[in-house]
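> Questions regarding the structure given below will be posed in turn.
Number of protein chains: 2
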Amino acid sequence: MSKTIKLHHGDGGVHTNNLIQNIFYKYFNNPALLKGGDSAVFDINGSKLGYTTDSYVVKPLFFPGGNIGSLAVCGTINDLTVTGAMPLYLSAGFIIEEGFEISKLEVITRTMQEICKQTGVKIITGDTKIVERGSVDNLFINTSGVGEIIDGYEPKSIQAGDEIIITGGIGEHGGVIALKRYELGIGEGLKSDCRPLIDILIKIRDYLPFVKVMKDPTRGGIATILNEIAKEHKIGILLSEENIPICKEVKGVTELLGLDPYYLACEGRMILIVRQGYGEKILKIIKGIDNCKNASLIGRVIEEQCEYVCLNTWIGGKRRLYMLETSMLPRIC
Amino acid sequence: MSKTIKLHHGDGGVHTNNLIQNIFYKYFNNPALLKGGDSAVFDINGSKLGYTTDSYVVKPLFFPGGNIGSLAVCGTINDLTVTGAMPLYLSAGFIIEEGFEISKLEVITRTMQEICKQTGVKIITGDTKIVERGSVDNLFINTSGVGEIIDGYEPKSIQAGDEIIITGGIGEHGGVIALKRYELGIGEGLKSDCRPLIDILIKIRDYLPFVKVMKDPTRGGIATILNEIAKEHKIGILLSEENIPICKEVKGVTELLGLDPYYLACEGRMILIVRQGYGEKILKIIKGIDNCKNASLIGRVIEEQCEYVCLNTWIGGKRRLYMLETSMLPRIC
Chain A
9 MSKTIKLHHG DGGVHTNNLI QNIFYKYFNN PALLKGGDSA VFDINGSKLG
59 YTTDSYVVKP LFFPGGNIGS LAVCGTINDL TVTGAMPLYL SAGFIIEEGF
109 EISKLEVITR TMQEICKQTG VKIITGDTKI VERGSVDNLF INTSGVGEII
159 DGYEPKSIQA GDEIIITGGI GEHGGVIALK RYELGIGEGL KSDCRPLIDI
209 LIKIRDYLPF VKVMKDPTRG GIATILNEIA KEHKIGILLS EENIPICKEV
259 KGVTELLGLD PYYLACEGRM ILIVRQGYGE KILKIIKGID NCKNASLIGR
309 VIEEQCEYVC LNTWIGGKRR LYMLETSMLP RIC
Chain B
9 MSKTIKLHHG DGGVHTNNLI QNIFYKYFNN PALLKGGDSA VFDINGSKLG
59 YTTDSYVVKP LFFPGGNIGS LAVCGTINDL TVTGAMPLYL SAGFIIEEGF
109 EISKLEVITR TMQEICKQTG VKIITGDTKI VERGSVDNLF INTSGVGEII
159 DGYEPKSIQA GDEIIITGGI GEHGGVIALK RYELGIGEGL KSDCRPLIDI
209 LIKIRDYLPF VKVMKDPTRG GIATILNEIA KEHKIGILLS EENIPICKEV
259 KGVTELLGLD PYYLACEGRM ILIVRQGYGE KILKIIKGID NCKNASLIGR
309 VIEEQCEYVC LNTWIGGKRR LYMLETSMLP RIC
């Protein structure tokens, strides 16, 4: 490992994992953390709770489809949701640069409250720190969240034949940030997919016994998340490129900038791995949910005792998708 | 309110309160948050939990008696403790500047783990974000924490006659930060008082029915905290200057820099307001705890239906201590 922190230590890929393993897991060495899920799970007098945190450093703070506040609330809600927890309470910590406009802070705060209202989640504790000009880039927000695990839900072991669902088009959040960052003036109409995923969890509740894993493909995109699943469960995954929903604006942006949509962050999508034979049933429910009409069965688990993610491409070839090796786009969330 | 954020919005005094009232409470408007305690309290299937968060932006990162990691763990543990909650689980979110030395990150992480081990608290969820050079000043840490409220504990209404205890010397953390910040080369031997307060809660457990309020006097020092209590409970407080423990190093630093020790942060002290007649008994227990031998009965509640904090000075006069109006020392935690 290098002697200093590099930007790639934050991209959610190989280098992030190295930093986590070599520093954080080395010291904060307890079973709940080492499970490495989107949320830790703990027990209080028989109640199973999910607990998670994320800091948000997105640049720019405002983008089509949301702002740092919507990311901060949705991101933490979603990390609880994919653990099978109904999100209940959040904390919010603001670190603000001297000189930041209070009117912008108000817009961000209002956005956070709108999502809380929509989801029934409450921000019940918070903190504000102000630092001198130049000591932080405008505004960073940390949120943590607590939720109650839905009775009896737990991730299950994955087998060959299991089916993979994505709840909507990929790369839209990453695509929007790239457009804004490079001021390209193209991709009109592209919006971040940022949204809370609670409604999906509620709607598929009766099918949870057949849901083996839920994940939100944020930093590193679907390629990185699926590689993590392949590694953890020792499985081989085959995706079908023609079934992966990518809107034309994301295609345009990624072609222009040489970005790979499979590695671009989503902030309001869920990947589900479900028991063989249940994919179509669960997909049908999800397609009926707002903003999920492009949900799709994108592939399946084809092999056990190996670790890879492969793509059947449009032109009939096969492409291996590896863990993210290099930082494509820092500060996407 | 001004149009932009000023440094004084973060000093824990009048301006911080204005920002919280006008922005955060306006939108995040729910009873648990509006109570404004050190931790929010919520109920899960009959279990009462405390929940809190703080971001740490202290400058410098390392100081005699601790580092940003010890503050981040102790600060959140203490916010739970003074709410009457036994701290159980923490989250930790790191925002790190590109180029930061990994060896320093390791020292900070190890310190955090040492305090966790000592207290039985576990960091079970975390997050790491890396930002480009110049986008954050070295390293910021957010911690949140969850604890279980000790059976039956709740803050009680305060009456004239109630007694006020401080568990040790004041201003030591703020004093150390001032010394390091201005590179004064004096005050050798002064260390931050940063420590977890759990042992105090455990030792006085049998007396909790007689403990009306517990607070940790961090940003804004004992003067600000006592003013907040005076305002919330509509009481007048009289302190005795000769009973307030201030070590000679803190006296030296504050005289040299023109700082007021009553407004300097402590990071390992607790203020307790206890029922009349129980002050001496509880003080005796506290004085037997490590690092608490200078604990002292510093004053009492002398009046109801008014809101002030007053000091009987050494020379026989009276001095009114107001809420902190101006920022003495930004980024002390």
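Line by line, the protein sequences are chains A and B. Just so you know, the working numbering puts 261 at position 253 of the first sequence, and the rest follows in order with no gaps. Just so you know, the working numbering puts 131 at position 123 of the second sequence, and the rest follows in order with no gaps. Heads up, the beta-carbon is just placed ideally off N, CA and C, and yes, glycines get one too. Being a predicted model, the structure only gives us computed values, none of them experimental.
Where does residue 234 of chain B land, buried or exposed, given buried means 16+ other C-beta within 10 angstroms?
Classification of residue 234 of chain B: buried, given that the 10 Å Cβ count is 16 or more.
> Can you give me the start and stop residues for the alpha helix (DSSP H) that residue 139 of chain B sits inside?
It is not in any alpha helix (DSSP H) - residue 139 of chain B instead sits in the beta strand (DSSP E) that spans 130 to 139.
> Should residue 204 of chain A be labelled buried (16 or more other beta-carbon atoms within 10 Å of its own) or exposed?
Residue 204 of chain A comes out buried.
> Can you find a CB in chain B that lies within less than 8 Å of the CB of residue 161 of chain A?
So no, residue 161 of chain A is outside the interface.
> What residues are listed by DSSP as bridge partners for residue 312 of chain A?
BP columns for residue 312 of chain A point to A:243.
> What does residue 345 of chain B touch in chain A if you count any residue whose Cβ is under 9 Å from its own?
For residue 345 of chain B there is no data in the structure shown, the boundaries of chain B being 9 and 341.
> Nearest to residue 36 of chain B by alpha carbon, out of A:86, A:43, A:19, A:119?
With distances taken between Cα atoms, residue 36 of chain B lies closest to A:119.
> What residues in the region 174 to 189 of chain A have a beta carbon less than 7 Å from any beta carbon of chain B?
Answer in chain order: no residues at all.
> Taking CB distances under 8 Å as the criterion, tell me whether residue 36 of chain B reaches chain A.
It does: the Cβ of residue 36 of chain B has a partner Cβ on chain A nearer than 8 Å.
> Taking the DSSP output, what are the residues bridged to residue 191 of chain B?
According to DSSP, which records beta bridges pairwise, residue 191 of chain B is partnered with nothing at all.
> Less than 8 Å between the C-beta atoms of residue 138 of chain A and residue 114 of chain A, yes or no?
Cβ atoms of residue 138 of chain A and residue 114 of chain A: not closer than 8 Å.
> What residue from B:57, B:248, B:276, B:268 has the CA that sits closest to residue 322 of chain B's CA?
Looking at the Cα atoms, B:248 is the closest of the given residues.
> Relative to the C-alpha of residue 62 of chain A, which residue among A:51, A:43, A:84, A:98 is closest?
Cα-wise, what sits closest to residue 62 of chain A is A:84.
> Going along the region 254 to 269 of chain A in order, which residues come within less than 8 Å of chain B, judged by CB to CB distance?
So nothing in the stretch comes that close.
> Taking a cut of 8 Å between CB atoms, which residues from the region 138 to 151 of chain A lie near chain B?
Of all residues in the region 138 to 151 of chain A, 138, 139, 140, 142, 143, 144, 145, 148, 150 have a Cβ within less than 8 Å of some Cβ in chain B.
> Say whether chain B places a C-beta atom closer than 8 Å to the C-beta of residue 55 of chain A.
Chain B contact via Cβ: present.
> When the distance is taken between beta carbons, is residue 181 of chain B closer than 8 Å to residue 396 of chain B?
Residue 396 of chain B lies beyond the residue range present for chain B, which begins at 9 and ends at 341; the question has no answer from this structure.
> Tell me the DSSP bridge mates of residue 36 of chain B?
Partner(s): none; residue 36 of chain B has no beta bridge.
> For chain B, check one thing: does any of its Cβ atoms lie closer than 8 Å to the Cβ of residue 14 of chain A?
Chain B contact via Cβ: present.
> The alpha helix (DSSP H) with residue 199 of chain A in it runs from where to where?
Unbroken run through residue 199 of chain A: none, as it is neither H nor E.
> Within 10 angstroms of its Cβ, does residue 168 of chain B collect 16 or more other Cβ (buried), or is it exposed?
That one is exposed.
> Quick check on DSSP: helix, strand or coil for residue 3 of chain B?
Since the first residue of chain B shown is 9 and the last is 341, residue 3 of chain B is not available in this structure.
> Hey, could you find the ends of the beta strand (DSSP E) residue 93 of chain A is sitting in?
Where residue 93 of chain A is concerned, the enclosing beta strand (DSSP E) stretches over 93 to 105.
> With residue 258 of chain A as the anchor, note down where its alpha helix (DSSP H) starts and where it stops.
Looking at the DSSP string, the run of the alpha helix (DSSP H) that includes residue 258 of chain A is 256 to 265.
> At 9 Å on the CB atoms, spell out the chain B contacts of residue 271 of chain A, in chain order.
Within 9 Å Cβ-Cβ: nothing; residue 271 of chain A doesn't reach chain B, min ~17 Å.
> Along the alpha helix (DSSP H) that carries residue 86 of chain B, what are the first and last residues, could you check?
Where residue 86 of chain B is concerned, the enclosing alpha helix (DSSP H) stretches over 76 to 89.
> Identify whether residue 5 of chain B lies in helix, strand or coil by the three-state DSSP scheme.
Because chain B is modelled from 9 through 341, residue 5 of chain B falls outside the range shown and cannot be assessed.
> If you compare alpha carbons, which of A:135, A:304, A:117, A:10 is closest to residue 108 of chain B?
Closest option to residue 108 of chain B, Cα to Cα, is A:10.
> Determine, for residue 63 of chain B, whether the minimum Cβ-Cβ distance to residues of chain A falls below 8 Å.
Closer than 8 Å to some Cβ of chain A, the Cβ of residue 63 of chain B qualifies, so yes.
> Are the Cβ atoms of residue 47 of chain B and residue 19 of chain B separated by less than 8 Å?
Contact: no.
> Measure the alpha-carbon distance for residue 222 of chain A versus residue 146 of chain A and round it to whole angstroms.
Each residue's alpha carbon lies about 33 Å from the other.
> Would you list, in chain order, the members of the region 110 to 136 of chain A that have their beta-carbon closer than 8 Å to a beta-carbon of chain B?
Listed by position along the chain: 110, 111, 113, 114, 117, 118, 120, 121, 124, 130, 131, 132, 133, 134, 135, 136.
> Smallest Cα separation from residue 236 of chain A: which of A:286, A:308, A:316, A:246?
Looking at the Cα atoms, A:316 is the closest of the given residues.
> Might you give, ordered along the chain, the residues of its own chain that have their beta carbon closer than 6 Å to the beta carbon of residue 99 of chain A, omitting 5 neighbours on each side?
These residues qualify, in order along the chain: 133, 152.
> State the CB to CB distance for the pair residue 208 of chain A and residue 294 of chain A, rounded to an integer number of angstroms; the pair is presumed to be in contact (CB under 8 Å).
Indeed they touch by this definition, with Cβ atoms about 6 Å apart.
> So, helix, strand or coil for residue 276 of chain A, using DSSP?
If DSSP states are grouped into helix, strand and coil, residue 276 of chain A belongs with coil.
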